[in-house]
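**Student:** Note that this note's numbering has the sequence shown beginning at 30, numbered continuously upward.
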Amino acid sequence: MSQETYYITTAIAYVNGRPHIGHAMEMLQADCLARYNRLIGNDTYFLTGTDEFGSKVYKTAEDSGISVEDLVDQNVIPFQELTTKLNLSHDQFIRTSSAQHRTGAQKLWQKLVDNNDIYKDTYEGLYCIGCETYLGPKELEDGKCAIHKKEPELIKEENYFFKLSKYNDQIKELITSDKLKIHPEARRNEILAQLERGLHDISFSRPKSALPWGVEVPNDSDHVMYVWCDALSNYITALDFEHDSALFQKYWPAQMQVIGKDILRFHAGIWIGMLLAAKLPIPEAIGVHGFMTSEGHKMSKSLGNVIDPFDIIDQYGVDPVRYYLLKEIPTADDGDFNHDRFKEVHQSDLANNLGNLFSRVTAMLQKYNDGKTLELKASEALTQSLETAWQTYHHQLKQFDLKKAAEAIMQLLDFGNKYIEQNQPWTLAKTEPEHANQILTELIELLRHSSIMLTPYLPQTAAVIQERLNYVPTADFQTSIKTPLPQGHEISKGESLFPRIES
30 MSQETYYITT AIAYVNGRPH IGHAMEMLQA DCLARYNRLI GNDTYFLTGT DEFGSKVYKT
90 AEDSGISVED LVDQNVIPFQ ELTTKLNLSH DQFIRTSSAQ HRTGAQKLWQ KLVDNNDIYK
150 DTYEGLYCIG CETYLGPKEL EDGKCAIHKK EPELIKEENY FFKLSKYNDQ IKELITSDKL
210 KIHPEARRNE ILAQLERGLH DISFSRPKSA LPWGVEVPND SDHVMYVWCD ALSNYITALD
270 FEHDSALFQK YWPAQMQVIG KDILRFHAGI WIGMLLAAKL PIPEAIGVHG FMTSEGHKMS
330 KSLGNVIDPF DIIDQYGVDP VRYYLLKEIP TADDGDFNHD RFKEVHQSDL ANNLGNLFSR
390 VTAMLQKYND GKTLELKASE ALTQSLETAW QTYHHQLKQF DLKKAAEAIM QLLDFGNKYI
450 EQNQPWTLAK TEPEHANQIL TELIELLRHS SIMLTPYLPQ TAAVIQERLN YVPTADFQTS
510 IKTPLPQGHE ISKGESLFPR IES
């Protein structure tokens, strides 16, 4: 595979509260794809960060009785700590309150002005602070926001507007032609239905008298940018768009932008419209995930069922949590965090399918051949299983289905467990020791491949497996895949990869 650039982003998180399990899942989805692309040799850049402007953040600071600057400086810390806790491989953590972001967002605004796509008008509408957007009648349920279950605020003010309607048909053509890929198909159909109804021009600023916290509109110190206008621009301001830097030239447009289903219309509508107006390239793909529930119920503080990602990592370990969120939760649909199910998956997939196989194979090779491999003579069954696993793995990751790619790894390990039972090297060792060691060498090869595949999902565990195999993958991915361990290569055994979770 030839080296390509791969730029991947998460949505940026509001800092009006602590990070929750949904933030962790989105970060991990992007991290998995970033690690995969580094694995196959792509020059990868991974961005995550926080959204620190807007009414929601300003109101939280007011209610807390502290300055908004102090609030964002305090509240960003847990999000930064979460990236470490999750073992993320991000290249940059952007804060929209940074000087680089503000000036970059102002440059983008000016490009929209220069293209005659910004105008001033009076707007009256219902504004949901939770969504940071105006809501139409169809977006209300019993007069309340369908998502936040609160009555929106009636606002009438003179604002700047963005001519989003001008780009409706162009955006629709980009999506229908797959120049902009939306994963999964259901979300693609959803945004196309919205485009069929037509996008409207949108209010793109707030008077400072109503909201003093935001990026100032160029040449108008009485207005700040609408929070989505400044927030969406983070994907390019992080690359120093303002100065048209080498970083921006190298990595933009993004190959994948990972977001939640509730903000699809902002990314596939407003963001693409902004880029078209600024005559900038559009991203290649948007990957859309669903919502997380807890024990089958919507998470809420009143129910006491909010899943804190720090707590579950402390309880179960980072790699098991990564695995559950990436493999057990449907990548592009809603999913549930259930402690009993977590323990089942941990035992069946990690402790048994992976951990037990690894322990048995390495222990037997130590016992029967001093931990040394023979020259690999791969059976047709092993060769076919490896080929099928890699084909599925690559295909599903490129289709934004991390769950199915993880299932391909588990199917390969299933094959390994069946292979050891069918061939029974512990029995063969008594009469055909050479044959027994050949079977074990084949299984070491399967585990070597599995460790490479697991790297984006379980980076710590994959590193432990490779250390025990005394194996360091080469920089060239294809060479790594095609080059088995040599004859006489010595492996070691060690502690169990996944100790049992106590109920």
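Ideal placement from N, C-alpha and C gives every residue a C-beta, glycine not left out.
Pick helix, strand or coil for F366, following the three-state DSSP scheme.
**Tutor:** strand
**Student:** What does T322 pair with, by DSSP beta-bridge criteria?
**Tutor:** K327, D365
**Student:** Classify V86: buried if its beta carbon has 16 or more other beta carbons within 10 angstroms, exposed otherwise.
**Tutor:** buried
**Student:** Of all the options R217, L431, E463, K522, which has the alpha carbon lying nearest to the alpha carbon of L483?
**Tutor:** L431
**Student:** Between L261 and the rest of its own chain, which residues show a CB-CB distance below 6 Å, the 5 nearest in sequence each way excluded?
**Tutor:** W300
**Student:** By Cβ distance, which residues of its chain are closer than 7 Å to E519, with the 5 residues on each side in sequence left out?
**Tutor:** G400, K401, N499
**Student:** On a CA-only basis, which of P213, L57, N263 is nearest L354? Give me that one, please.
**Tutor:** L57
**Student:** Contact between the region 272-281 and the region 226-240: three or more CB pairs below 8 Å?
**Tutor:** no
**Student:** Considering P236, what are the terminal residues of the beta strand (DSSP E) in which it resides?
**Tutor:** 234-236
**Student:** Flag this pair as touching only if the region 207-216 and the region 307-326 have three or more C-beta atom pairs under 8 Å; answer yes or no.
**Tutor:** yes
**Student:** So what does DSSP say about L240, is it helix, strand or coil?
**Tutor:** coil
**Student:** Just to confirm, are L62 and L426 a CB contact at a threshold of 8 Å?
**Tutor:** yes
**Student:** Who are the near neighbours of G133 in its chain, counting only those whose CB is closer than 6 Å to its CB and skipping five residues on each side?
**Tutor:** Excluding residues up to 5 positions away in sequence, T266, F270, E271 lie with their Cβ nearer than 6 Å to the Cβ of G133 in the same chain.
**Student:** Given a cut-off of 8 Å on the beta-carbon distance, is the pair N45 and A306 in contact?
**Tutor:** no
**Student:** Residue ranges of each alpha helix (DSSP H) run of no fewer than 4 residues wholly in the region 55-101, ordered along the chain?
**Tutor:** 84-93
**Student:** What residue range does the beta strand (DSSP E) around Y156 cover?
**Tutor:** 147-157
**Student:** Is the beta carbon of L111 less than 8 Å from the beta carbon of H52?
**Tutor:** yes
**Student:** Near M30, which residues of its chain fall below 7 Å by C-beta distance, leaving aside the five closest residues on each side in sequence?
**Tutor:** Low confidence applies to M30: its pLDDT is 43, below 50, so where it sits in the model is not reliable, and the reading given next is rough at best. Around M30: I69, G70, F506, Q507.
**Student:** Among T79, L442, Q109, Y36, which one has its Cα closest to the Cα of T338?
**Tutor:** First, the residue type needs correcting, since residue 338 is Pro and not Thr in the sequence shown. The residue with the shortest Cα to Cα distance from P338 is Q109.
**Student:** Can the beta-carbon of S232 be found closer than 8 Å to that of H252?
**Tutor:** no
**Student:** Please classify T38 as buried or exposed, where buried requires at least 16 other C-beta atoms within 10 Å of its C-beta.
**Tutor:** By the neighbour-count rule (16 or more Cβ atoms within 10 Å), T38 is buried.
**Student:** Can you look up H130 in the DSSP assignment and give me helix, strand or coil?
**Tutor:** helix
**Student:** Between which two residues does the beta strand (DSSP E) carrying F122 extend?
**Tutor:** 121-124
**Student:** Hey, could you find the ends of the beta strand (DSSP E) G445 is sitting in?
**Tutor:** For G445, no beta strand (DSSP E) segment is defined; the enclosing uninterrupted segment is the alpha helix (DSSP H) at 431-452.
**Student:** Give the secondary structure of G523 by DSSP, where H, G and I count as helix, E and B as strand, and everything else as coil.
**Tutor:** coil
**Student:** Taking only three categories from DSSP, how would you classify G302?
**Tutor:** Under the three-state reduction of DSSP, G302 is assigned to helix.
**Student:** Identify whether A40 lies in helix, strand or coil by the three-state DSSP scheme.
**Tutor:** Reduced to three states, the DSSP call for A40 is coil.
**Student:** Thinking just about the alpha-carbon of each residue, which of K173, K327, D120, G227 is nearest to the one in R67?
**Tutor:** Nearest of K173, K327, D120, G227 to R67, Cα basis: D120.
**Student:** By the three-class DSSP mapping on this structure, what secondary structure does Q286 have?
**Tutor:** strand
**Student:** Mapping DSSP to helix, strand and coil, what is Y500?
**Tutor:** coil
**Student:** Which same chain residues end up closer than 8 Å to L193 when comparing Cβ atoms and leaving out the 5 residues on each side of it in sequence?
**Tutor:** Within the same chain, L193 has close Cβ partners L228, H229, D230, I231, G298, I299, G302.
**Student:** Just mark K308 as buried or exposed, buried being the case when its beta carbon has 16 or more other beta carbons within 10 Å.
**Tutor:** exposed
**Student:** Return the chain-ordered list of same chain residues with a C-beta closer than 6 Å to the C-beta of T460, the five sequence neighbours on each side being excluded.
**Tutor:** none
**Student:** What's the C-alpha gap between T205 and P310?
**Tutor:** 17 Å
**Student:** Please report the distance separating the alpha-carbon of Q516 from that of Y422.
**Tutor:** Per the coordinates, the alpha-carbon of Q516 lies some 28 Å from the alpha-carbon of Y422.
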